[in-house]
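Engineer: Every letter in the sequence shown is one number past the one before it in full-length UniProt numbering, and letter 19, counting from 1, is 19.
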Amino acid sequence: MAISKKLQGFIRSDPRSKGAQYFCDDNLLFMPAFYSQQQAADMFVNLQHEMKWRQEQISIFGKKVYIPRLQAWHGDPESTYRYSGLDLIPEPWTATLKQILVDVNMVTGLTFNSVLGNWYRHGQDSMGWHSDDEKALGDKPVIASVSVGQERRFCLRHKSSGEKQTILLKSGSLIIMYGSLQENWQHSLPKSAKPMHGRINLTYRIIKHPVVPVSK
Ligand SMILES: O=C(O)CCC(=O)C(=O)O
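1. My understanding is that residue 219 touches residue 78, with C-beta atoms under 8 angstroms, so please give their C-beta distance in whole angstroms.
2. Could you please give the first and the last residue of the uninterrupted alpha helix (DSSP H) stretch that includes residue 103?
3. Could you work out which residue in 57, 81, 52, 59 is closest to residue 72 when comparing CA atoms only?
4. Within the present structure, is the beta-carbon of residue 112 separated from the nearest heavy atom of ligand 1 by less than 6 angstroms?
5. Please classify residue 11: does DSSP put it in a helix, a strand, or coil?
6. Let me check understanding here. Comparing Cα to Cα, which of 149, 160, 185 lies closest to residue 166?
7. Do you know offhand how far residue 179's Cα is from residue 171's?
8. Once you ignore the five residues that flank residue 19 on each side, which residues in its own chain have a CB closer than 8 angstroms to its CB?
9. Considering only the alpha carbon of each residue, which of 15, 13, 47 lies closest to residue 146?
10. Check each candidate in 135, 191, 64 and name the one with the smallest Cα separation from residue 124.
11. So which of 16, 25, 10, 14 has the shortest CA-CA distance to residue 177?
12. Taking 6 angstroms as the cut-off, is the CB of residue 154 close to at least one heavy atom of ligand 1?
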């Protein structure tokens, strides 16, 4: 799957794309040093304070359980979303989220209208196997994912062949998921037995078909 001319131009000419690598049949682009270590460390501190973090509960076999991480949803007011069975109504953009928005819009040539934040407080916080294939995102969604803080393993598994790939998501890295990634692959952020500091991940998304919220 070809990526946009804008993105190809960025990879050719911008030092932030140094070390860029493709994964998953060229449906995922990884830029390990999109932000410097200092920029990423500052963002980590600011995002902790600026974003509206909550530990959501989901129903598993009729039983309510807390998800193993904190989550926050920000964006344009109309970007309502249903994720993991939860209706998400956006909080306003913050200064740091907007600053990163400008960068991911510039690189991709797209206009993201929302962002999901996940804060993994330690190694026991995690995200299970899933694809970001909700109807609200439309066909072949492009998602820009920025990581700051503790380096963590990001695992991908092909839905039919079972092939696995792993990317070490460093602080300041950017991945761009596009093409048939969500159709053909699942991803997860596994727990780790090693002592781990916190990490914040931001996935910038385009809500094409907003969901009418039923609860908050
Ligand atoms: O924390 C990560 O890198 C993964 C986040 C993720 O899978 C998601 O937001 O759908």
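Beta carbons: idealized from backbone N, C-alpha and C, even for Gly.
Structural biologist: Let me spell this out:
1. With the chain represented from 1 up to 216, any question about residue 219 goes unanswered, as that position is not in the structure.
2. Counting along the chain, residue 103 sits inside the alpha helix (DSSP H) bounded by residues 95-108.
3. 52
4. Answer for residue 112: no, Cβ out of range of ligand 1.
5. Assigned with DSSP and collapsed to three states, residue 11 falls in helix.
6. 185
7. 25 angstroms
8. Excluding its 5 nearest sequence neighbours in each direction, residue 19 has C-beta neighbours in its own chain below 8 angstroms: 31, 32, 33, listed in chain order.
9. 47
10. 191
11. When each option's Cα is compared against that of residue 177, the closest is 25.
12. yes
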